[in-house]
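As you go down the protein sequences, you meet chains A and B in turn. For what it's worth, our numbering labels the leading residue of the first sequence as 1, then goes sequentially. For what it's worth, our numbering labels the leading residue of the second sequence as 1, then goes sequentially. In this text, a Cβ means the ideal position worked out from N, Cα and C, and glycines have one as well. In this text, all values refer to a predicted model and were calculated from it rather than measured experimentally.
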Amino acid sequence: MTTAVHRPPLRRLPDEGSLAGVCVGLARHLGVDVRYVQAGFVVLTVFGGIGFAVYALAWALLPAVHTKPPEQRREWTARGGFARELAGLALLGAAGLLALRQLGFWFDDTLLWPLALAGAGAALIWRQAEEAAAWTPAELRHPLQGIRDRMRAERGADGRRTALGVTLIGLSALLLLRETGALRQVGNALGGIVVLAFAVGLIFGPYLARLARSLADERAERIRSQERAEVAAHLHDSVLQTLALIQKRSEDPREVASLARRQERELRNWLQERPAQPAGASLAAALEEVAGEVEQLHGVPIEVVTVGDRPLDERLSALVQAAREALHNAAKFAGSAKVDLYAEVTAARVEVFVRDRGVGFDPAAMPADRRGVRESIVGRMERHGGRATITAAPGAGTEVELTMELLPDREFPDTPRNAGSPTWSSEGEAR
Amino acid sequence: MTRVLIVDDHALFRAGVRAELGRRVEVVGEADGVEAAVAAIAELAPDVVLLDVHMPGGGGVEVIRRSAGSAPGVRFLALSVSDAPDDVIAVIRAGARGYVTKTISADELVEAIERVADGDAVFSPRLAGFVLDAFSREPARPAAAAPPRPAAAEAGADDASGDLDQLTAREREVLRHIARGYLYKEVALRLGISTKTVEAHVSAVLRKLQLSNRHELSRWAVERRLLDDEG
């Protein structure tokens with residue numbers, strides 16, 4: 001083998017191997033076919049038993065690397081998988097016993113079955129415990145209840161595995177006792193053990209219980225203090241800063257109102273655990289975002305109400321930009337005390353209304369150079385296959401209505417496409 | 001003049017509202033908690049209770065629940081800084097005739113109080129949005145089917161709740177205008193109906209909001225109640 005070959009590190013690959021992934025890992029590391037490695041192990045095991053010992057050591061010592069996401073990992077409990085695991089374990093056990101016998105460490109054939117059974121049972125249970133979720137503080141505080149709940153929750157394939165493991169170990173113990181003729185003495189011994197365990201429990205029980213409780217308490221306390229620190233950090237970054245700003249600007253009521261409003265919006269989002277959603281994520285988030293910006297810019301409160309939501313695409317982004325322009329106009333020119341933004345998303349269309357109660361204007365007399373309205377609102381909507389309607393009259397406020405028909409979904413293939421707007425259908429093909 | 005009781009656990013806020021309302025309504029008392037509110041309602045029998053949604057000991061929902069027997073004629077207007085749907089829907093379903101946010105202007109608040117005193121309902125744009133949201137999902141897709149209802153046993157009641165589970169086109173239109181920020185009289189003007197008719201539609205929606213078994217509504221209400229029990 002040349003030194004130039006890049007070798008992957010020696011790892012166990014449990015997702016790819018048939019048993020524990022030792023052979024696959026080794027094969028990858030050496031750069032040979034896995035079958036040679038497997039054959040090598042078999043040979044080494046049959047002649048002298050070293051193969052078994054090496055395999056067991058490798059299983060225990062090599063770090064496992066999962067190559068597949070959890071949901072794609074081999075389902076051990078699926079039909080075949082479980083049986084294969086059992087068969088593999090049994091073979092390994094037999095190999096180990098044979099190896100011991102070969103090497104001369106052999107006591108008595110009567111020990112064979114008990115040992116094999118106990119080994120298989122223990123393997124099942126230990127694997128199980130290793131894979132189970134960590135214990136929660138509540139479970140640690142009441143371990144018996146925790147065990148009971150876990151037993152109940154594991155009633156499925158995992159539960160069967162545990163039960164099988166327990167049965168195997170119990171069976172092996174019984175066999176061992178019968179073989180060694182100790183079953184009769186067990187009565188006495190058992191009595192002794194029970195008495196002893198009881199005494200030990202009386203002496204150390206409270207300490208152990210206390211210890212478990214302290215551990216759980218300590219953990220809960222740590223979680224609580226972490227949470228508190230997080231809340232404190234958030235309040236410090238946001239609310240305290242804003243309060244300081246408000247004190248500084250107290251002579252400007254408009255600015256104070258705007259600051260308070262912005263902080264309120266931010267705190268509300270945080271309390272409702274709407275994480276600072278990227279504005280690109282959805283229509284509602286994007287509208288909230290532009291409303292916040294305009295509000296900050298002009299100090300006019302904007303009430304945002306949305307019904308339904310949808311992921312943002314190119315056309316809806318255009319809609320958001322048009323809405324932003326409308327909000328901008330309302331906040332800047334109308335002199336209204338507040339602006340209402342209402343967005344409704346249905347299966348067929350998205351509608352956005354921006355309304356103010358300000359001075360209004362006469363749309364017919366709108367000067368041609370008011371690019372804001374002509375280009376940024378009406379033009380933009382039309383270019384993207386939507387429409388904008390502006391209802392206004394001097395003294396009666398203004399309402400901008402933005403409508404975007406949505407393309408029929410694939411679920412409704414029969415819906416005839418509205419061919420009213422050429423831009424729309426061409427975009428429909430492009431999507 | 002409308003007799004008003006102010007219930008809020010923040011003294012500062014009570015004072016602020018009292019000053020704002022001025023002489024336009026008669027403020028007959030204040031209460032700073034659930035117990036005090038229940039006692040004051042029984043004793044003073046106000047026309048309208050301005051009710052804070054969030055208070056220790058169960059909040060506005062608890063006040064309405066415990067006053068239902070002692071003061072049947074009293075009407076509740078919920079007033080809150082919260083705009084979480086579960087809070088709002090829970091207090092409406094408990095029996096409040098309306099909901100406004102604490103940032104409402106004094107004029108609008110007086111108008112809302114008088115409207116509630118007359119037995120009408122008061123919806124803020126946001127509440128109108130919630131209601132549209134809650135009622136919007138199902139009817140559009142009959143294939144997605146109604147949530148499984150207890151079938152045969154309640155067949156009789158089912159007919160009634162079937163109506164309660166949907167808004168009429170007109171009610172929807174009225175709510176949409178409220179959500180867009182129109183006042184009742186502006187809605188009436190735009191739809192070519194009388195203000196009284198608008199009020200009737202809103203009251204009908206309020207009734208549906210309180211009685212409907214729609215999944216979204218009961219879920220909000222249940223979540224709210226669970227929170228209260230814990231606190």
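For residue i, the residue or residues it bridges with in DSSP
| i | result |
| --- | --- |
| Thr101/B | Ser80/B |
| Ala64/A | Arg12/A |
| Asp340/A | Glu303/A, Arg355/A |
| Asp52/B | Leu79/B |
| Ser282/A | Pro311/A |
| Ile390/A | Val400/A |
| Val27/B | Val4/B |
| Phe123/B | Tyr99/B |
| Arg349/A | Glu405/A |
Of the listed residues the options, nearest to residue i (C-alpha basis)
| i | options | result |
| --- | --- | --- |
| Glu173/B | Val38/B, Val131/B, Leu79/B | Val131/B |
| Ala20/A | Gln296/A, Ala87/A, Tyr342/A | Ala87/A |
| Arg75/B | Arg3/B, Asp163/B, Thr168/B | Arg3/B |
| Leu171/A | Tyr36/A, Val373/A, Gly121/A | Gly121/A |
| Glu8/B | Gly69/B, Leu51/B, Leu217/B, Leu211/B | Here residue 8/B turns out to be Asp, not Glu, going by the sequence shown. Comparing Cα positions, the closest option is Leu51/B. |
| Arg12/A | Ala64/A, Met404/A, Ser376/A, Thr306/A | Ala64/A |
| Pro125/B | Phe361/A, Ala388/A, Phe353/A, Gly360/A | Phe353/A |
| Ala90/B | Val63/B, Asp163/B, Glu108/B | Val63/B |
| Thr162/A | Val194/A, Leu196/A, Ala123/A | Ala123/A |
| Asp200/B | Phe135/B, Gln210/B, Ala121/B | It should be pointed out that residue 200/B corresponds to Ala in this sequence rather than to Asp. When only C-alpha atoms are compared, the closest one is Ala121/B. |
| Gly51/A | Gly40/A, Leu117/A, Leu190/A | Gly40/A |
| Ile390/A | Leu406/A, Phe361/A, Met404/A, Leu174/A | Phe361/A |
| Phe123/B | Arg97/B, Arg170/B, Arg23/B | Arg97/B |
| Ala173/A | Val200/A, Glu289/A, Leu117/A, Gly187/A | Leu117/A |
| Leu283/A | Leu271/A, Arg310/A, Glu266/A | Arg310/A |
| Gln263/A | Thr242/A, Gly358/A, Val166/A | Thr242/A |
| Arg127/B | Leu92/A, Arg224/A, Val307/A | A small correction: the amino acid at residue 127/B is Leu; Arg does not occupy that position in the sequence shown. The candidate whose alpha carbon is nearest that of Leu127/B is Val307/A. |
| Glu405/A | Val320/A, Arg349/A, Ile246/A, Ser336/A | Arg349/A |
| Pro72/B | Ala78/B, Met55/B, Gly59/B, Ala45/B | Ala45/B |
| Pro56/B | Gly69/B, Ala37/B, Ala169/B | Ala37/B |
| Gly129/B | Gln166/B, Val100/B, Ala179/B | Ala179/B |
| Ala204/B | Tyr182/B, Leu191/B, Gln166/B | Gln166/B |
| Ser376/A | Gln321/A, Val256/A, Leu91/A | Gln321/A |
| Phe135/B | Leu164/B, Asp107/B, Glu108/B | Leu164/B |
| His54/B | Ser194/B, Val34/B, Leu191/B | Val34/B |
| Leu235/A | Trp270/A, Gln247/A, Leu115/A, Ser214/A | Trp270/A |
Residue i: contacting residues in chain B (beta-carbon distance under 9 Å)
| i | result |
| --- | --- |
| Arg355/A | Arg180, Gly181, Tyr182 |
| Gly308/A | Leu132, Asp133, Ser136, Arg137 |
Where residue i meets chain A, residues with beta-carbon distance less than 8 Å
| i | result |
| --- | --- |
| Gly232/B | Outside the modelled stretch of chain B, which goes from 1 to 231, sits residue 232/B, for which no answer is possible. |
| Pro125/B | Glu303, Val305, Asp340, Tyr342 |
Neighbour-count burial assignment, residue i, 16 or more Cβ in a 10 Å radius
| i | result |
| --- | --- |
| Val42/A | exposed |
| Pro433/A | Not covered by the structure: residue 433/A. The range shown for chain A is 1 to 431. |
| Asp437/A | Coverage of chain A is limited to positions 1 through 431, which leaves residue 437/A absent and any answer about it impossible. |
| Ala11/B | exposed |
| Thr45/A | buried |
| Glu447/A | Residue coverage of chain A in this structure runs from 1 to 431, which leaves residue 447/A outside it and unanswerable. |
| Arg410/A | Because the pLDDT of Arg410/A is 41, which lies under 50, any placement of that residue in the model is unreliable, and the number read from its coordinates should be weighed accordingly. Counting Cβ neighbours within 10 Å, Arg410/A comes out exposed, since fewer than 16 surround it. |
| Ala233/A | exposed |
| Arg214/B | buried |
| Ile41/B | buried |
| Glu171/B | buried |
| Glu251/A | exposed |
| Gly31/A | exposed |
Beta-carbon neighbours of residue i, restricted to chain B and to distances below 8 Å
| i | result |
| --- | --- |
| Gln272/A | Ala84 |
Contact list for residue i against chain E, beta-carbon separation under 8 Å
| i | result |
| --- | --- |
| Arg176/B | Chain labels in this structure do not include chain E; the protein chains are A and B. |
### Query
How do the region 225-244 of chain A and the region 207-214 of chain A stand: do at least 3 beta-carbon pairs fall below 8 Å, yes or no?
no
### Query
Are the region 337-351 of chain A and the region 386-405 of chain A touching, with three or more C-beta to C-beta distances below 8 Å?
yes
### Query
Within the chosen definition, does the region 292-300 of chain A reach the region 325-333 of chain A through at least 3 CB pairs nearer than 8 Å?
yes
### Message
Closer than 8 Å is the cut-off here; do at least three beta carbon pairs connect the region 83-90 of chain B with the region 106-115 of chain B?
### Response
no
### Query
Would you call the region 303-319 of chain A and the region 381-389 of chain A in contact, with 3 or more CB pairs under 8 Å?
yes
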